[in-house]
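Working notes for the structure below.
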Amino acid sequence: MNNLRFIREISKFRQQWPVRTLQRTMAQKVDTKASKQRTQTDEEVDNEPIKFFGSQAATWRAKDTRSGGSDEHLWYQPYVISASLAVFLLYFCVLREESDIDLKLEGSLFEHVQGLEEVQLTMNYKYNKENGLDNKEVIQRLSALGIDVKLLDAEIAQEDNKIMKKVKQKVE
5 MNNLRFIREI SKFRQQWPVR TLQRTMAQKV DTKASKQRTQ TDEEVDNEPI KFFGSQAATW
65 RAKDTRSGGS DEHLWYQPYV ISASLAVFLL YFCVLREESD IDLKLEGSLF EHVQGLEEVQ
125 LTMNYKYNKE NGLDNKEVIQ RLSALGIDVK LLDAEIAQED NKIMKKVKQK VE
């Protein structure tokens, strides 16, 4: 119950002292209270309840503790955001003329990065073969690019053999 007295004394200090002075004196007060509690063991216990209504705790909202403050928005904020978004979209989708960068972006990624399509198709071929999926379209495109599918099968077989050897070594 000594804590209750301490809380009451702090509330008295708040009413009398400015905030900065209060912080300094509270730190000093905590040290002196702790030492007094150690020395005084048979002090009377105050069983009077602490008044909640009318205190600052009664006006405190739990929402302020969780969120850290007021989340109130200005009444016109949604209108400003909507108008800004509408102007932005109107400019970029309707009013702006196409540039050379826009024309470059219209093309396929495979046109800009050489060798990417071959790598992508070989990865798809291996995946489809391992999972038993249909490979007709991938084989047609690989043939159109001039890649021999039989060589791919040989590479896949070599990779599988290497993996099997490593697994056998770890098991032994």
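This note's numbering puts the sequence shown at residues 5 to 176.
Built from N, CA and C at the ideal position, the CB exists for glycine as well.
Same chain, Cβ closer than 8 Å to residue i, five either side skipped, listed in chain order
{"i": "residue 160", "result": "130 and 133"}
{"i": "residue 85", "result": "none"}
{"i": "residue 147", "result": "153"}
Sub-8 Å separation of residue i and residue j beta-carbons
{"i": "residue 143", "j": "residue 153", "result": "yes"}
{"i": "residue 109", "j": "residue 120", "result": "no"}
Assigned exposure category for residue i - 16 Cβ within 10 Å defines buried
{"i": "residue 137", "result": "exposed"}
{"i": "residue 94", "result": "exposed"}
{"i": "residue 125", "result": "buried"}
{"i": "residue 170", "result": "exposed"}
Among the options, nearest to residue i - alpha-carbon criterion
{"i": "residue 123", "options": "135, 145, 111 and 107", "result": "145"}
{"i": "residue 4", "options": "116, 85 and 15", "result": "Past the boundaries of the shown model lies residue 4; the chain is included only from 5 to 176, so the question cannot be answered."}
{"i": "residue 118", "options": "99, 55 and 149", "result": "149"}
Own chain partners of residue i with C-beta closer than 6 Å, once the 5 adjacent residues on each side are dropped
{"i": "residue 82", "result": "none"}
{"i": "residue 78", "result": "none"}
{"i": "residue 13", "result": "none"}
Cβ-based neighbour list, residue i, same chain, cut-off 7 Å, excluding 5 preceding and 5 following
{"i": "residue 156", "result": "126 and 129"}
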